[in-house]
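Numbering (full-length UniProt numbering), first residue to last: 1 to 420.
Take a look at the structure set out below.
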């Protein structure tokens, strides 16, 4: 059988209490077996129970009412208490929780002996909520129904106040619940049970009426907070990365080959170095910067190499003009060239680069020579064609002039054109 039992408060609201730990809660526990619990029936008769209502004051000064036999507590005075007050002559001072009962005369002396004994016992019970053992020994503060009551027979918390928060729409209620969680420093790592202990006493806790809605709102709150924290962490990381990078750029002694153990003493006094979260984050930012330096170095070397090859090509064009030049002759001429020896740009070139540039230059010379020959051949062919065309035109002219006829022989015609 479950240790949780169902009971009803004075206003009719259902709550649940643990028969072993005396813990009470408004929402239904998960291990509740749904068997209706039968509230504990007081052994005293109804008249005695009605006569056991007493008035006391909470720490904030607000009066409340409790029954010394059933241990029930209420904010509003019960009808039995009001009838008891009407039937009691106001001969003594009003009783305040924690004060001594008055002995200057009163109903106890007019009542039968048994009623006087019961009244004295009830008076002792009446003063219990204000005794040091109730507040000081358990941390003090708060209402008696808001803390655990060990061995006291306490059956449950006070009913909710009449001024529960009301909101025009579910979004406002959820937002109020979110603010309550944030105000109590509830984080995504806080367990739901721990969060309940922090916020259950606040009136905003009842902004959402359904326990399931509260749990769902709590999970939604955790997701939103995690997303916000992730965004803030990303912004912090980006800002720190840029500041760390700018700081490293001021240290010219840090090269693309510098290691962390070498660079750390150089930068450990920098302010941005101390802003980093831990050693791993600092080293990670340093390694990112080194990768950037290496990439930049490779790009610079590539550009320098390209420029050196361009300069070498111009040098070869000026030095080597014969397409039949051999590599050995060209290599000796290049290495002894003053321009090649004095220019630091050529130091990035090796023998393979020189040979490749020489081969490329020789191909250019061969191509140029071949193109020159082709050009001469085309010019010669064109010239011969024009000569043939002019010769035909000359023959046509002599034909028209009658110098050439069907029977004219070459030996007779040749003297006419030999000087043309």
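Here a beta-carbon is modelled for each residue, glycine too, at the ideal position from N, C-alpha and C.
All figures in this text were calculated on a predicted structure; none of them were measured in a lab.
Three-state secondary structure (DSSP) at residue i?
i: residue 306; result: helix
i: residue 350; result: coil
i: residue 58; result: coil
i: residue 343; result: coil
i: residue 291; result: helix
i: residue 74; result: strand
i: residue 65; result: strand
i: residue 18; result: strand
i: residue 147; result: Summary for residue 147: the model assigns pLDDT 43, below 50, so the residue's position carries little reliability; its value from the coordinates is reported in the next sentence. Coil.
Let's see if you can read the secondary structure: which residues bound the alpha helix (DSSP H) around residue i?
i: residue 234; result: 211–249
i: residue 173; result: 170–183
i: residue 272; result: 271–275
i: residue 265; result: 260–267
i: residue 417; result: 410–417
i: residue 328; result: 327–335
How would you label residue i, buried or exposed, when you count the other beta carbons within 10 angstroms and need 16 or more for buried?
i: residue 24; result: buried
i: residue 113; result: A caution first: residue 113 carries a pLDDT of 45, below 50, which makes its placement in the model unreliable, though a value can still be read off. Answer is exposed; the Cβ neighbour count stays below 16.
i: residue 71; result: buried
i: residue 239; result: exposed
i: residue 379; result: exposed
i: residue 355; result: exposed
i: residue 352; result: exposed
i: residue 91; result: Here residue 91 scores only 44 on pLDDT, less than 50, and its place in the model is too uncertain to base an answer on.
i: residue 52; result: buried
Start and end of the beta strand (DSSP E) containing residue i?
i: residue 186; result: It is not in any beta strand (DSSP E) - residue 186 carries neither H nor E in the DSSP assignment.
i: residue 6; result: 4–8
i: residue 26; result: Neither: residue 26 is in no beta strand (DSSP E) and is coded neither H nor E.
Leaving out five residues before and five after residue i in sequence, what residues of the same chain have Cβ atoms less than 8 Å from its Cβ?
i: residue 269; result: none
i: residue 251; result: 263, 266, 267
i: residue 403; result: 413, 416
Using a Cβ-Cβ cut-off of 6 Å (strictly less than) and excluding sequence neighbours within five positions of residue i, which residues of its own chain qualify?
i: residue 308; result: 345, 346, 348, 349
i: residue 170; result: none
Within the same chain, show all residues whose beta-carbon is closer than 7 Å to that of residue i, passing over the 5 residues directly before and after it, in chain order.
i: residue 49; result: 42, 67, 69, 70
i: residue 31; result: 2, 4
i: residue 400; result: none
### Query
Can we say the segment 214–225 touches the segment 180–197, given the rule of at least three CB pairs closer than 8 Å?
Between the segment 214–225 and the segment 180–197 there are three or more inter-stretch CB-CB distances shorter than 8 Å, so the stretches are counted as touching.
### Message
Would the segment 295–303 count as touching the segment 327–345 if we require 3 or more Cβ pairs under 8 Å?
### Response
Contact between the segment 295–303 and the segment 327–345 is absent: fewer than 3 CB-CB pairs across the two stretches fall below 8 Å.
### Task
Report yes or no: do three or more beta-carbon pairs, one from the segment 282–295 and one from the segment 226–245, lie closer than 8 Å?
Touching, per the Cβ criterion.
### Message
Assess contact between the segment 316–324 and the segment 357–369, defined as three or more Cβ pairs (one per stretch) separated by less than 8 Å. Is contact present?
### Response
Enough Cβ pairs lie closer than 8 Å, so yes.
### Query
Can at least three beta-carbon pairs, one atom from the segment 255–270 and one from the segment 214–221, be found at a separation below 8 Å?
Too few Cβ pairs lie closer than 8 Å, so no.
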